[in-house]
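These notes concern the structure reproduced below.
Number of protein chains: 2
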Amino acid sequence: MEEIAWLNEVEMRAWRGMLSAHAQLYGKLDEELVAEHGITFAEYEVLVHTSEGEDGSIRMSALADAALVSRSGLTRRVQHLVAQGYLERRRCKEDKRGTFAVLTSSGWTKLIEASKTHIRGVREHMMSKLTAQETEELANALEKMLK
Amino acid sequence: MEEIAWLNEVEMRAWRGMLSAHAQLYGKLDEELVAEHGITFAEYEVLVHTSEGEDGSIRMSALADAALVSRSGLTRRVQHLVAQGYLERRRCKEDKRGTFAVLTSSGWTKLIEASKTHIRGVREHMMSKLTAQETEELANALEKMLK
DNA sequence: AGGATATAGTTGCAAGTGCAATCAAATTTG
DNA sequence: CAAATTTGATTGCACTTGCAACTATATCCT
Numbered sequence: 004m005e006e007i008a009w010l011n012e013v014e015m016r017a018w019r020g021m022l023s024a025h026a027q028l029y030g031k032l033d034e035e036l037v038a039e040h041g042i043t044f045a046e047y048e049v050l051v052h053t054s055e056g057e058d059g060s061i062r063m064s065a066l067a068d069a070a071l072v073s074r075s076g077l078t079r080r081v082q083h084l085v086a087q088g089y090l091e092r093r094r095c096k097e098d099k100r101g102t103f104a105v106l107t108s109s110g111w112t113k114l115i116e117a118s119k120t121h122i123r124g125v126r127e128h129m130m131s132k133l134t135a136q137e138t139e140e141l142a143n144a145l146e147k148m149l150k
Numbered sequence: 004m005e006e007i008a009w010l011n012e013v014e015m016r017a018w019r020g021m022l023s024a025h026a027q028l029y030g031k032l033d034e035e036l037v038a039e040h041g042i043t044f045a046e047y048e049v050l051v052h053t054s055e056g057e058d059g060s061i062r063m064s065a066l067a068d069a070a071l072v073s074r075s076g077l078t079r080r081v082q083h084l085v086a087q088g089y090l091e092r093r094r095c096k097e098d099k100r101g102t103f104a105v106l107t108s109s110g111w112t113k114l115i116e117a118s119k120t121h122i123r124g125v126r127e128h129m130m131s132k133l134t135a136q137e138t139e140e141l142a143n144a145l146e147k148m149l150k
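If you're matching them up, the sequences are chains A and B in order.
For the record, in the first sequence the residue sitting at position 38 is 41 according to the working numbering, with numbers rising by one throughout.
For the record, in the second sequence the residue sitting at position 52 is 55 according to the working numbering, with numbers rising by one throughout.
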């Protein structure tokens, strides 16, 4: 079996760690939200980013960027959340091409409830495993990767 | 707009960083492999983990675990790689329920070529942004998350 | 031994996704 | 100002995925 030129051991651990830690964390958080609130993590993210917009509303394209999904993907996620009663769509008056997603009051309630599960999950599956310093080092490294 | 109870600032940066850094890195590595070698990152991972098995072969279930995919998902990825000529399937003699995925010589060649692109990508999009110490801190934090 | 249970793997199916094409509205440009 | 281009968003389509059901083989247990 031929040997493949590779990364050094620490680089390898960092890179493999990105894949595994992300997959494991994402999987658990998704599972818990579905079990306790009937929404996926992807849907929860849409609610979160909508809530962070002005008056709990945000343009579709901005929401797609924030939620790390394609525009077509977002259109359908929002459709689904509208069908569930958590979002409304509102045409944009200044730019008639545009559409806002707007949290309904039912959406606010759902978000607040689901966020308890979510935050508990992040603490349990991520923060509880790390010291404050490690958390800071992790945040630092991840942000440098994004530049 | 109501305020949602949340994580502290550092925790938030670490958690958001996991999502964004993973998405950005995965996206770039996938794009480069597709452009230069016509295989997805997911397929590349299957080739890598197969190559690491004995004689470039590995049981389907072990491969599914290593490649972070469901067994049904793996069955189809392997089907696709077999169709492309990079893998063969071999029945397991000791356990007739089992199947091995085995790298073909064309698969070895593909893997070796693709790994150059992959490693270059990991260096360029990840390691080049980090000092050796930051890489180590990152690896450390990610591994602790997995425990 | 042999029936019950567990394990390896595949398949049908439904759901989610992105790309390319499309439509409508806004903006640029000649 | 009208034509050309750009931008915001949605839709058709193909592809990937996981779950549940299923088949085949292996193991457990009395």
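Glycine included, C-beta positions come from ideal geometry on N, C-alpha and C.
Since the structure is predicted, the reported quantities are computational estimates derived from the model, not experimental observations.
Name the DSSP bridge partner or partners of residue i?
| i | result |
| --- | --- |
| Ile61/B | Ala104/B |
| Glu91/B | Val105/B |
I believe residue i touches residue j by the beta-carbon criterion, under 8 Å. Please report the beta-carbon distance rounded to the nearest angstrom.
| i | j | result |
| --- | --- | --- |
| Thr53/A | Ser64/A | About 13 Å separates the two Cβ atoms, so there is no contact after all. |
| Val125/B | Trp18/A | 5 Å |
| Leu28/B | Tyr89/B | The Cβ separation is near 24 Å, so there is no contact. |
| Glu140/A | Glu127/B | So it is not a contact: roughly 22 Å between Cβ atoms. |
| Thr120/A | Leu10/A | Actually they are not in contact, since the Cβ atoms of Thr120/A and Leu10/A sit about 37 Å apart, beyond 8 Å. |
| Glu91/B | His40/B | Not confirmed; about 20 Å, so no contact. |
| Lys132/A | Met148/B | 5 Å |
Are residue i and residue j closer than 7 Å when you measure CB to CB?
| i | j | result |
| --- | --- | --- |
| Gly20/B | Glu146/A | yes |
| Glu14/B | Thr138/A | yes |
| Glu46/B | Leu84/B | yes |
| Arg62/A | Gly101/A | yes |
| Ala26/B | Leu71/A | yes |
| Ser81/B | Arg93/B | Note on identity: in this sequence residue 81/B is Val, with Ser being the wrong assignment. Going by C-beta atoms, Val81/B is not nearer than 7 Å to Arg93/B. |
| Arg3/B | Ala86/A | Since the displayed chain B opens at 4 and closes at 150, residue 3/B lies outside it and no answer follows. |
| Phe44/A | Asp58/A | no |
Give the range of the alpha helix (DSSP H) segment to which residue i is assigned.
| i | result |
| --- | --- |
| Glu55/A | Glu55/A -> no alpha helix (DSSP H), and no H or E assigned at all. |
| Met15/A | Glu12 to His40 |
| Glu146/A | Ala135 to Met148 |
| Leu84/A | Arg74 to Ala86 |
Any heavy atom of the ligand GDP closer than 6 Å to the beta-carbon of residue i?
| i | result |
| --- | --- |
| Ser109/A | Annotation note on the ligand GDP: not contained in the displayed structure, which lists no ligands. |
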